[in-house]
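Asks:
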Amino acid sequence: SLKHIFGSFFEGFRVNNGNFKIKNSAIMPETESRESSTLNGTSLVQLSINGLLVSMIGSYLGLPDLYDTQTGKTAIGRLGLMDGQSIFAYGGCFPPMPSAWEKIYLGWVKPKVLNSNINDVKVIASADGSENQTIYKIPINAEEYFLVENRQRDVNGDGALLNIWRYGRTEKKNFAGDGQGFYSFDVSALYGVVTSVDEYDWALPGSGILIWHIDEKVIKDNIADNRINANPEHRGIYLEEADGIQDIGVEFQTIFGDVVVGEGEKTDFWYKGNPSKLYKNKFAPDTKPNTNSNYGGSSLITFSDFSENSKEMSFNLSFGSGIVEGKQSFEYKPSGDVASLLPLPVGGLKTDVFFTDDSSLVQVDFPGSVFNHGKFAGTGLAAVSFNNADYLVAGFIENRINIFSIKENKVVSTFSNAEIITSPPVFKKDKSVKLLAGDAKGNLNIFDLNANGSLTYKGSEKYFDGTPVTKIAVGAGYVLVASGNALANNHGNKFNLPAGEEVEKIGFTQRKDGVLILIAETKGGNLWMSGNDFDFKKIASGVSDFAFGDLLKDGNNYIVYASGVKIYALTLTGAVAENFPYENPFGANFTGGVRTGDINNDGVAEIIAYDTNGNLFAVNSKTGSLLKNFPYTVSNGETLPFALSDDYSPSLSKPETPAVFQMTTTGLITHVKFAWLALPAPKIYWSTDGGGAENSGFLEAPSSGGTSKEFFPLSEAYNWPNPVYGGETHIRYFVNEDSKIEITIMDLSGEIVKKITTQAKGGFASEITWNVSNVQSGVYFAHINVTSLSGKSAYKIIKIAVIH
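Going by this note's numbering, the first residue of the sequence shown is number 40, and it counts up by one from there.
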């Protein structure tokens, strides 16, 4: 601003013989006192400039405003520095100390991070905000966290001791407590100029533990415009108000028509004995307020047993709720792209997670030890158990293959290949263990893994002419490989997807009759499916990932994928499973990985996926609904692929709990364990990007369950949705033998509207789609007639309502 007056050459006011330049300034009034006119006449409101001056210095030091800068309304009340209520606390004579976030932002203090269960956490208050004060940081997810501090109005127990300059000398004045003429809004008992107070936090509305909810994403997105708390529905920094009513900065109208704005109150502090009606002395996912993320997911965090109010307080902290036994997380900033995570047992019930970080193999031992094992490429991970040892390959470094022994904790062998390796590694395990690797010239290289961890080259097989092999899937004597938009198998079949449909991921599973179902996902998000005929058909678009799983123990594997805000489960005939698709209630798209496994010991697999809000979902395959305590929050932004683990040790009488390992782009690694108390070991079907540790991309046929003995169960013949509001409905049915299906659709007058004839595979639910976009609104009847190849027949009539 001064450059507009003095010219663009102006660099500040020179002082101290020109050795120092003052580049910042503030014009301060002599007093903030003003006249106030009311029905009772005009009175003088006495306001000091002390609070305003302190806030100006705070701004100069870099603190943003924490009130609503769009409306001027309070957002943190008299509980920090950079808010109007604090600036004019006690008539502006003295503001409270900066809040925990403000102190951390200025670099004055460093919080202690708590990320595991702990009882009797001590929280100490100090009179002057010195290093004796304790501040804790409890991560909610990668960018949200709680800050906990103990704030006491009178740590010294001697009231408020003020120094006042009056008539040329300093006078001392002591107030044992708030009283006439000495309240936050009335300082008529003071005369002269207040120059100090022994405890700045006397300006607070109460005492006890404060819990701040910090959202770094909101802060980063809005700090440049000084709008951190400008959105009252989603503030970057706000208080979790212990009285259960989030009313700081909220506008109310009294029964007399007066408009008032909610302020911080003494019941907003956490302490045993808080008189608020909603206060439970507990802060958890199911309390009011709750510990959940701003983006809908449960934090799984519970604060409990807050002590009585004092300068040294305490509380208990736990991570876990319901089937979630525990949650641990710590910050680790990767130095490069993280391709995938692979949990592996490292002895007893202990499981560590491995990943490649900027071409290095990194091992994480919870609760937070990190080991870097040196140079490895980041093209994927694969591991195998062999000869009472576990071996790992973390991608390839051009043509060099390193074999890492988990037991010996080192590289035990290195093999230099003739060609550059271009695919993620895959282990194939039957009577022996083979390592498969595609190269730049279209070959599949085959190696034997020996008992000591060394490799023996067994030759190569040609799949493509001079184009690199990018993906491999193997199982049941079958090999599927990809290069660009081309797919090939070990029977000499080839298929080219349309131009531009470059393959991102491949895999296959096996029906109980031995038929293989092949799936290819492209980088454009399209999903292609084929049977043994190697004739791929597109079955979905907008897909972020797929997996397989024996979801219902009914003798069938299912195809699972995420697309937009929905999770789909398909039978191997392409029909949507009952109670699916599942739709995200928060409206966020699902992204990243999809996993399957029974994580709650109920005999039914769950589908695990996360959304763009960073919430992790567990959907029960039988009901199509969320498990209790889900979703839980990992990040409020994009996360990297995650992995399931069963943490199982066959040498012990019972397994450890199944677990999820996840890492975010912002560098938060999280380990969540699920409650599991009995044998058999948890059944995990699809745990990593490649299906499992061996990275085979294959799920074998189910070993349990069977086909219904009823030829055509009437309860399994229906259409969905019904009524039909959109452009199509799906007519679903089940037969236990290969059959001919004839569907005749008629209106109320008996006129035939549509006839459909198709074939159904026995033992699988199937469905056809009826497009109703050109059909008038009304009621229709679908006559489903089924005839098996052996001569069995049955029928059912279903009623379909169409509403446009």
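Where is the CB? At the ideal position from N, CA and C, for every residue including glycine. Remember, it's a predicted structure, so these values are computed and weren't measured experimentally.
Enumerate in chain order the residues of its own chain whose CB-to-CB distance from V513 is below 7 Å, with the five nearest sequence positions on each side excluded.
Replies: V465, K467, L475, S735 and F737.
Asks: Taking the beta strand (DSSP E) that F52 belongs to, which residues open and close that run?
Replies: F52 -> beta strand (DSSP E) spans F52 to V54.
Asks: At 3 residues or longer, and completely inside the region 413 to 484: list those beta strand (DSSP E) runs for me, N to C.
Replies: With a minimum length of 3 residues, the continuous beta strand (DSSP E) runs that stay inside the region 413 to 484 are 420 to 425, 428 to 433, 439 to 444, 449 to 455, 465 to 468 and 472 to 477.
Asks: Pairs of beta-carbons, one from the region 557 to 577 and one from the region 520 to 539, closer than 8 Å: are there three or more?
Replies: Yes: at least three Cβ pairs fall under 8 Å.
Asks: In this structure, what does DSSP give as the bridge partners for E15?
Replies: This structure leaves residue 15 out entirely; the chain is present only between 40 and 843.
Asks: Excluding the five sequence neighbours on either side, which residues of its own chain have a C-beta within less than 6 Å of the C-beta of G539, listed in chain order?
Replies: Closer than 6 Å at Cβ, skipping near neighbours: no residue.
Asks: Across which residues does DSSP place S357 in a beta bridge pair?
Replies: S357 pairs with T341.
Asks: Following the continuous alpha helix (DSSP H) through E141, name the residue where it begins and the one where it ends.
Replies: Where E141 is concerned, the enclosing alpha helix (DSSP H) stretches over A139 to Y144.
Asks: On the DSSP bridge list, what partners appear for Y175?
Replies: BP columns for Y175 point to K151 and V187.
Asks: Give me the residue from T81, Y371 and S40 with the minimum Cα distance to I66.
Replies: Cα-wise, what sits closest to I66 is S40.
Asks: In three-state DSSP terms, what is K667?
Replies: Coil.
Asks: Just the C-alpha distance for S688 and G730, rounded to the nearest angstrom, thanks.
Replies: With a pLDDT of 46 at S688, under the threshold of 50, the modelled position of this residue cannot be trusted; read the value that follows with caution. C-alpha separation (whole angstroms): 20 Å.
Asks: How is the beta strand (DSSP E) around E210 delimited, first residue to last?
Replies: Looking at the DSSP string, the run of the beta strand (DSSP E) that includes E210 is R208 to F214.
Asks: Can you tell me which of the three DSSP states D487 falls into?
Replies: Correct three-state label for D487: strand.
Asks: Using only the alpha-carbon positions, how far apart do A433 and P324 sit?
Replies: Each residue's Cα considered, the two are about 38 Å apart.
Asks: Going straight from the alpha carbon of G51 to that of I44, what length do you get?
Replies: Approximately 12 Å between the Cα atoms of the pair.
Asks: I'd like the span of the alpha helix (DSSP H) that includes V257, first residue to last.
Replies: That run of the alpha helix (DSSP H) goes E255 to N261.
Asks: Tell whether a beta-carbon distance below 7 Å holds between G603 and N628.
Replies: For G603 and N628, yes; Cβs fall inside 7 Å.
Asks: Run the CB neighbour count on W309, radius 10 Å, all protein chains shown included, and call it buried at 16 or more, exposed below.
Replies: Flag for W309 reads buried.
Asks: When the Cα atoms are used, what is the spatial distance from I340 to F127?
Replies: Roughly 36 Å between the two C-alpha positions.
Asks: Smallest Cα separation from L335: which of S664, T651 and S726?
Replies: Going by the sequence as given, residue 335 is Gly instead of Leu. The shortest Cα separation from G335 among S664, T651 and S726 belongs to T651.
Asks: Please report the straight-line C-alpha distance between D589 and D429, rounded to a whole angstrom.
Replies: Going from the Cα of D589 to the Cα of D429 covers about 26 Å.
Asks: For the beta strand (DSSP E) holding N5, just list the boundary residues, first then last.
Replies: Because the chain here runs from 40 to 843, residue 5 falls outside it and cannot be looked at.
Asks: Do T705 and E302 have their CB atoms nearer than 7 Å?
Replies: The answer is no: Cβ separation not under 7 Å.
Asks: Determine whether the beta carbon atoms of G216 and S227 lie at a separation below 7 Å.
Replies: Against a cut-off of 7 Å, the Cβ pair of S227 and G216 comes out as no contact.
Asks: Excluding the 5 residues preceding and the 5 following K562 in the sequence, name in chain order all residues of the same chain whose CB lies nearer than 7 Å to its CB.
Replies: Cβ within range, chain order: E541 and E543.
Asks: Does P694 pass the burial test, meaning 16 or more other C-beta atoms within 10 Å, or should it be called exposed?
Replies: Its pLDDT being 46, under 50, P694 is placed unreliably by the model, and nothing is read from it.
Asks: Which residues does DSSP pair with A601 in a beta bridge?
Replies: BP columns for A601 point to D584 and I606.
Asks: Would DSSP call K311 helix, strand or coil?
Replies: Correct three-state label for K311: coil.
Asks: Determine the extent of the beta strand (DSSP E) in which I362 is found, giving its start and end residues.
Replies: Careful: I362 lies outside any beta strand (DSSP E) and carries neither H nor E.
Asks: With which residues is L557 paired in a DSSP beta bridge?
Replies: According to DSSP, which records beta bridges pairwise, L557 is partnered with F547 and S569.
Asks: Let me check understanding here. Comparing Cα to Cα, which of N595, P406 and N426 lies closest to S742?
Replies: For the residues N595, P406 and N426, the minimum Cα distance to S742 belongs to N595.
Asks: Would you give the residue range spanned by the beta strand (DSSP E) that H43 belongs to?
Replies: Run containing H43: none in the beta strand (DSSP E); it sits in the alpha helix (DSSP H), L41 to F45.
Asks: Identify, in the order they occur along the chain, each residue of the same chain with its Cβ nearer than 8 Å to the Cβ of N810, setting aside the five sequence neighbours on each side.
Replies: Same-chain partners within the cutoff: G766 and E767.
Asks: Under the three-state reduction of DSSP, which class applies to I96: helix, strand or coil?
Replies: Helix.
Asks: Hey, quick one: how far does the alpha helix (DSSP H) through G123 stretch, first residue to last?
Replies: Counting along the chain, the alpha helix (DSSP H) containing G123 begins and ends at G123 to I126.
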